[in-house]
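Presented below is the structure to which this report refers.
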Amino acid sequence: MPITEADLHAYVDGELSPARRADVGAHLAAHPDAAVRVRAWQEQKRALQRLFEPVLDEPIPPALEAAAVPPGARRSRPPWPALRIAAGLMLALLGGMAGWWGHGRYQASALADARPSLPQQAAIAHAVYSPDVRRPVEIGADQEAQLVTWLSRRLGRDVRAPKLGGLGFELVGGRLLPGSEGPVAQFMYQDAGGQRLTLYVSTERDGNPDTAFRFAREGGINVFYWIDGPFGYALSAGVSKDELARVASAVYDQLDKR
8 MPITEADLHA
18 YVDGELSPAR
28 RADVGAHLAA
38 HPDAAVRVRA
48 WQEQKRALQR
58 LFEPVLDEPI
68 PPALEAAAVP
78 PGARRSRPPW
88 PALRIAAGLM
98 LALLGGMAGW
108 WGHGRYQASA
118 LADARPSLPQ
128 QAAIAHAVYS
138 PDVRRPVEIG
148 ADQEAQLVTW
158 LSRRLGRDVR
168 APKLGGLGFE
178 LVGGRLLPGS
188 EGPVAQFMYQ
198 DAGGQRLTLY
208 VSTERDGNPD
218 TAFRFAREGG
228 INVFYWIDGP
238 FGYALSAGVS
248 KDELARVASA
258 VYDQLDKR
């Protein structure tokens, strides 16, 4: 039987029979392009696991636990193993959703009331797209002017791609992403060693007027984020906090001079 796209995804997720897995392995050995795609998907999966595994050890929020019990019913806490299983199922669900995001088809609807924060959204987007070998961006840096114009038009406000060459990071390009309430822009940069960082630009500020410079660690991803005018910005990377702070300060200074 021919190897399909579904077979490749099942290979990454470990859902094939031993015989079919061997068939896919032989296919990948004979088709380097497919092998590169599969490796990118595997890295995306590992990045998402690193990002969401801490959730397994978090208690269930009281509001969610209360909502799950019918009025008048006896409120008994399920055993801890059951909680871990439930959290694991949620992790698997988020991993599946990320696959849709990777193809640009995810639209937030049922999760609107529990949408991630700005640094969480930025970290998820970084984890999904930064490992992509074949198509990490929609429009490359060789078309930077068109990219900025396109993203500005879609977000309804002027956006800019900061210049980070002096810090060793060159623009790779950018893409448009779906946010909870509207479009989001993502700019991607890369240094000579292949390390990538992404700048997430959103008009969704959750009503928070605080412009303070903040740091968050989402899984294995460091994020500096802040509010400036109509935008919320988040700079994400797997580099150290100190190195990312240096780059984030440069980004902040450039965008503040608009």
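Heads up: the sequence shown is residues 8 to 265, going by the numbering used here.
The beta-carbon is built from N, C-alpha and C at its ideal position, and this holds for glycine as well.
Straight-line gap, residue i to residue j (C-alpha atoms, nearest Å)
i    : j    : result
A42  : L23  : 16 Å
Q128 : L242 : 11 Å
L206 : A26  : 43 Å
Y136 : P143 : 5 Å
V254 : R141 : 26 Å
I10  : G32  : 10 Å
E211 : M8   : 47 Å
Y18  : D139 : 17 Å
H16  : K52  : 11 Å
R161 : P190 : 7 Å
E188 : D30  : 43 Å
G147 : G201 : 16 Å
Range of the contiguous alpha helix (DSSP H) that encloses residue i
i    : result
Q193 : Unbroken run through Q193 is the beta strand (DSSP E), P190 to Q197; no alpha helix (DSSP H).
R27  : P25 to A37
E250 : K248 to D263
E22  : Taken as a continuous stretch (DSSP letters only), E22 belongs to no alpha helix (DSSP H), as it is neither H nor E.
E145 : Careful: E145 lies outside any alpha helix (DSSP H) and carries neither H nor E.
Identified DSSP bridge partners for residue i
i    : result
D235 : F238
V43  : The partner list for V43 (beta bridge, DSSP) is empty, contrary to what the question assumes.
V230 : A223 and S243
V208 : A192 and Y240
I10  : According to DSSP, I10 bridges with nothing at all.
Beta strand (DSSP E) segment containing residue i, residue limits
i    : result
P7   : Because the chain spans 8 through 265 in this model, residue 7 falls outside it and cannot be assessed.
E177 : E177 to P185
Supposed contact pair residue j and residue i - C-beta distance, whole angstroms, cut 8 Å
i    : j    : result
F222 : F231 : 6 Å
L262 : P169 : 6 Å
R203 : A244 : 7 Å
Beta-carbon spacing of residue i, residue j below 8 Å
i    : j    : result
L6   : V166 : Any question about residue 6 goes unanswered here, given that the chain covers just 8 to 265.
F176 : Q197 : yes
Residue i: CB within 7 Å of a non-hydrogen atom of the ligand FMN
i    : result
G227 : Of ligands this structure carries none, so the ligand FMN is not represented either.
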